[in-house]
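So the structure is just underneath, and the comments pick up after that.
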Amino acid sequence: MQNISEQRLVDALPIGAAVFTGDRHTIRAVNAEMRSIWSKDSSVIGKDLHDAIPEIQDQPFFDLLTNIYRTGEAFHDPNGQAMLNVNGVLQLVYFDYWMKPIRDAAGQVTGILNTAIDTTAAVIARQRSEWIGEQFSFSMNAAEVGSWNLDIANRRVWWDERCRLFYGFPKGDDLVPFEEVLRYVHPEDRPKVDEAVAHALRPESGGNYDIQFRTIGESHHTLRWLQCKGKAYLMSNTSRTAFPAPLVTLPAK
1 MQNISEQRLV DALPIGAAVF TGDRHTIRAV NAEMRSIWSK DSSVIGKDLH DAIPEIQDQP
61 FFDLLTNIYR TGEAFHDPNG QAMLNVNGVL QLVYFDYWMK PIRDAAGQVT GILNTAIDTT
121 AAVIARQRSE WIGEQFSFSM NAAEVGSWNL DIANRRVWWD ERCRLFYGFP KGDDLVPFEE
181 VLRYVHPEDR PKVDEAVAHA LRPESGGNYD IQFRTIGESH HTLRWLQCKG KAYLMSNTSR
241 TAFPAPLVTL PAK
């Protein structure tokens, strides 16, 4: 009867769940979500963990389970990972998991409840995003291109170090008022910069921004020709709120 109640318990949980008992960590109950993470079927119920999932023999989970029996302390790892046999192929699987002791009326640990959420897709997506970001940063540095992003609603500019250098802006914060940035635009070019920005912010414009203009540095008054391309992004049908753009220097004219 206890096994039936434990199976009902794990089946009621919306995440992967299993119950282990004894020194050999026998699987007494496991739900479909956990079997999916393990890439196993219901035949694992009643088996010792090392027989049910032999590929984890040399991984840290057995020591972890033994330690919970010994100390009675729960364990949580939001960045768990294991090599599991998925459709006949050993693969790295990521998960956020908990191990909690189950106690009897006397307070003795009689089993362990293991719950888990498969985070593999999210981790891979994050790793890919980080890789793309690193490649983008490498490409920008190799091409000597600066980048900036205008927060239209708050009229603030985030820019990288190279972009600040192109403007002749003194070293300081990465986030500065837009009006402060415009102060470094050559006075003769300021009207066309203002018009180009205003045009890109109109809903019917498509948000595109492509302009060449001059800047004058503050400390050495260095004159630079810059080309800036960007695109304003719509937050709604009537307003644009984000304006990222790369910036490159041009030969003196």
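Going by the UniProt record's numbering, the first residue of the sequence shown is number 1, and it counts up by one from there.
The beta-carbon is built from N, C-alpha and C at its ideal position, and this holds for glycine as well.
Alpha-carbon to alpha-carbon, residue j and residue i
i, j, result
"Glu195", "Gly168", "22 Å"
"Gly16", "Val10", "8 Å"
"Thr66", "Gln108", "14 Å"
"Ala18", "Ile45", "9 Å"
"Trp158", "Pro14", "42 Å"
"Met140", "Glu161", "Low per-residue confidence applies at Met140: pLDDT is 49, beneath 50, and the placement is therefore not dependable enough to give any value."
"Leu223", "Ala82", "57 Å"
"Asp174", "Ser147", "11 Å"
"Leu150", "Phe166", "16 Å"
"Glu73", "Ala32", "26 Å"
"Ala232", "Val181", "18 Å"
"Asp48", "Pro78", "25 Å"
"Asp189", "His221", "16 Å"
Given residue i as reference, the closest of the options once Cα atoms are compared
i, options, result
"Ile37", "Asn154, Arg224, Asn87", "Asn87"
"Tyr69", "Glu204, Ala105, His25", "His25"
"Ile112", "Ala105, Thr120, Arg202, Lys100", "Lys100"
"Pro191", "Gly206, Arg214, Pro203", "Arg214"
"Arg183", "Leu150, Glu218, Leu165", "Glu218"
"Phe75", "Ala106, Glu55, Ala116", "Ala116"
Burial state of residue i (16 or more Cβ within 10 Å)
i, result
"Glu6", "buried"
"Val30", "buried"
"Asn114", "buried"
"Gly22", "exposed"
Cβ shell of residue i (< 7 Å), same chain only, five flanking positions each side left out
i, result
"Asp210", "Lys229"
"Val185", "Val193, Phe213, Thr215"
"Ser205", "His199"
Per-residue DSSP class, three states only, for residue i
i, result
"Gln7", "helix"
"Asp63", "helix"
"Phe166", "helix"
"Ala74", "coil"
"Gln57", "coil"
Own chain partners of residue i with C-beta closer than 6 Å, once the 5 adjacent residues on each side are dropped
i, result
"Gln212", "Gln227"
"Thr119", "Tyr94, Phe95, Asp96"
Proximal residues to residue i (C-beta, below 8 Å), its chain only, five neighbours per side dropped
i, result
"Arg155", "Pro177, Phe178, Glu179"
"Gln57", "His50"
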